[in-house]
Amino acid sequence: MKRGFFLSIFGIVLLGLIVWLTIRFWPKPSDTIYEYYKKEKWEKVISLVKKATAPTPEDLFYGSQSLLRLNAELITKDAEDRSKISSRLLKENGIGSGKSIESKGEFPVFEDPFILQLRPGGYWRQKAILSRVEIAGEWEDDIQFLRDLKEFIKSNPVTLGISSYSSVLKKVLRRETKLSDGDQNKLSELLGFLSVREDSTLLGSRFKNTGENTNLRTGPGTENPGKARLKKGLLLYALDKDPRSETVQGRKGNWVQVYIPELQISGWIFSHFLEEDPYPSAKAEETFVEFSQSEKSQAWDFAFWTEDKIPPGFHGEYIPTEKLAMDGDYGIVLYKSKTGKYKEICRIVEEPFRSLEFLTASLSGEEPVPIFKLYSGRPGEWKPAYQIDLDRESISINRNKYILGSGGKKRFQLGIFSANGTISASLLVGEKTVLQGISPEEELTSTEGALFKLCLQQADKKSDSNAAAFQFKFLF
17 MKRGFFLSIF
27 GIVLLGLIVW
37 LTIRFWPKPS
47 DTIYEYYKKE
57 KWEKVISLVK
67 KATAPTPEDL
77 FYGSQSLLRL
87 NAELITKDAE
97 DRSKISSRLL
107 KENGIGSGKS
117 IESKGEFPVF
127 EDPFILQLRP
137 GGYWRQKAIL
147 SRVEIAGEWE
157 DDIQFLRDLK
167 EFIKSNPVTL
177 GISSYSSVLK
187 KVLRRETKLS
197 DGDQNKLSEL
207 LGFLSVREDS
217 TLLGSRFKNT
227 GENTNLRTGP
237 GTENPGKARL
247 KKGLLLYALD
257 KDPRSETVQG
267 RKGNWVQVYI
277 PELQISGWIF
287 SHFLEEDPYP
297 SAKAEETFVE
307 FSQSEKSQAW
317 DFAFWTEDKI
327 PPGFHGEYIP
337 TEKLAMDGDY
347 GIVLYKSKTG
357 KYKEICRIVE
367 EPFRSLEFLT
377 ASLSGEEPVP
387 IFKLYSGRPG
397 EWKPAYQIDL
407 DRESISINRN
417 KYILGSGGKK
427 RFQLGIFSAN
437 GTISASLLVG
447 EKTVLQGISP
457 EEELTSTEGA
467 LFKLCLQQAD
477 KKSDSNAAAF
487 QFKFLF
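First residue of the sequence shown? That's 17 in this note's numbering, and the numbers climb one at a time after it.
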């Protein structure tokens, strides 16, 4: 009797433990979506995102990317397989397809319900458009490709990475798509900016034609037919170069593939007729500043926060604290813990960023107060990256201290850098870099899909030392 009773109790406890572990470690929808995406299971990703009740921007991005890459795979398949896949996608997920003609016959082009849900001008939308113009240009008709191209040249190359952006732009310019005068002017300025950036594949690409009535050809070599006659002084941007040297009219050189903004065409010209014409560096710097400033996100602040509830957008175990007004800014008061233990209220940064501006002030006490900690990774796989501590005379990042010399409210900037696959950080006070080359608490790698989570540190037992955080801004 007793044996059966204890076995029953043990079975109930074991069942409860299994249920708890299942709930605790069951993959969250976003985790599963990303895992399937890494494994290139495109239809699984599409199905999960399509059925999600509240997909995140990155979920929508991976759904859009999976549709795009599934579409690209159809090029290698025969007509029967193409038909099966498009029928299955329509039946299981309600995603239809139009028709396009490419070299291997009739080709289904999937509708993309995900990209339309991404915020125009937002990071994930811009990144999705970059992939579309790079990949879908192989099968998109002129009308759809023009729509994508117009949005692409209005995207921010600093946000997307100048190297990646310029590489894609070089590819798409070979498809001679006619733009409006306004869009063509935008493209010309963009090409000039990229031609002087060291991180651009278009570096040093701006030239002018020195010949009179120079022949632009369809390919590298005089055996290729002429495409257009170019007037003297016309601006060109080099896209590619034939490595073989050749002698033309007694002059030795190479054939260079160029794009001509004024004519909106590309072709090949002999290098003897090209003279470097660098884009003004001052104008390029102004453009870079404009790109950087335009990408500041809406600030996280505490203006409309009420003390009895967790601040909007944050999650976690909230410990009620005070709201503070100082010089027109509203802040949340944070304390040094007497026991060294803290509870975190956190908010995920939905888009990767280059730097974080934060406005804080030391209020009272002599001990440093933990303001926030940044984690990198994904839900369920967060790794501690950087912690900021503040006292009346100094600020610290991962225990690397800088003496401020005086208290009061100050604006700081935490820069995040990636080089050779690893992450490091710098700290600015005003316009001055005071700490740099700071390693994260745990080794991090810059990989696709990595996000950041910002957590405010709340003391379980308060001390006499406290500080306030007023505002956070992200520069993408």
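Heads up, the beta-carbon is just placed ideally off N, CA and C, and yes, glycines get one too.
Are the CB atoms of A254 and E290 within a distance shorter than 9 Å? Note that residue 290 corresponds to Leu in the displayed sequence, not to Glu. For L290 and A254, yes; Cβs fall inside 9 Å.
In three-state DSSP terms, what is F488? strand
Where does Q265 land, buried or exposed, given buried means 16+ other C-beta within 10 angstroms? exposed
With DSSP as the reference, label K102 as helix, strand or coil. In the sequence on display, residue 102 carries Ser and not Lys. Correct three-state label for S102: helix.
Given I361 as reference, the closest of S371, P386, E382, F369 once Cα atoms are compared: P386
With 16 other Cβ atoms within 10 Å as the buried cut-off, status of S297: exposed
Going by beta carbon distance, what residues of the same chain come within less than 7 Å of N109, once the five residues before and after it are set aside? I62, S63, K66
Residues near A475 in its chain [Cβ-Cβ closer than 7 Å; skip 5 each side]: Y351, K352, S353, Y358
Between V188 and the rest of its own chain, which residues show a CB-CB distance below 8 Å, the 5 nearest in sequence each way excluded? V149, E150, G153, L165, F168
Length of the line joining the Cα atoms of I39 and S455: A caution first: I39 carries a pLDDT of 43, below 50, which makes its placement in the model unreliable, though a value can still be read off. So the alpha carbons of these two residues sit roughly 34 Å apart.
With burial defined as no fewer than 16 other Cβ atoms inside 10 Å of the residue's Cβ, what is the status of D197: buried or exposed? exposed
Can you give the beta carbon distance from T92 to Q142, rounded, assuming they're within the 8 Å contact cut? Between Q142 and T92 the Cβ distance is about 29 Å, and since that is not below 8 Å, they are no contact.
If you run the structure through DSSP and keep just helix, strand and coil, what is I364? strand
For E367 and D324, the rounded distance between their alpha carbons: 29 Å
Taking the alpha-carbon positions, what's the P45 to A68 distance? Because P45 carries a pLDDT of 44, less than 50, the predicted location of this residue cannot be relied on, and no value is offered for it.
Considering only the alpha carbon of each residue, which of G269, K247, E228 lies closest to G237? G269
Residues bridged to H331 (per DSSP): C362
Suppose you measure from the CA of P277 to the CA of T226; what does that come to, to the nearest Å? 17 Å
From what residue to what residue does the beta strand (DSSP E) around D345 run? 345-353
Check the DSSP bridge columns for Y402 and list the partner residues they point to. L390
Helix, strand or coil for F223, going by three-state DSSP, please let me know. strand
Under the DSSP definition of a beta bridge, which residues are partnered with G373? Correcting the residue type first, residue 373 is Glu in the shown sequence and not Gly. In the DSSP output, where bridge partners are listed per residue, E373 has Q429, K489.
Under 9 Å, do A377 and K426 count as touching if we go by C-beta distance? yes
From P43 to G396, what does the alpha carbon distance come to, in whole angstroms? Unreliable placement is indicated for P43, whose pLDDT of 43 sits below 50; no coordinate value is reported for it.
Along the chain, where does the alpha helix (DSSP H) that runs through K78 open and close? The residue you asked about is not Lys; residue 78 is Tyr in the sequence shown. Note, Y78: alpha helix (DSSP H), 73-89.
What residues in its chain sit with their C-beta under 7 Å from that of L414, if we drop five residues either side in the sequence? Looking at the sequence provided, one finds Asn at residue 414 rather than Leu. The answer, listed in chain order, is Y402, Q403, I454, E457.
Could you pull the DSSP bridge partners for K93 from this structure? K93 pairs with nothing; no bridge assigned.
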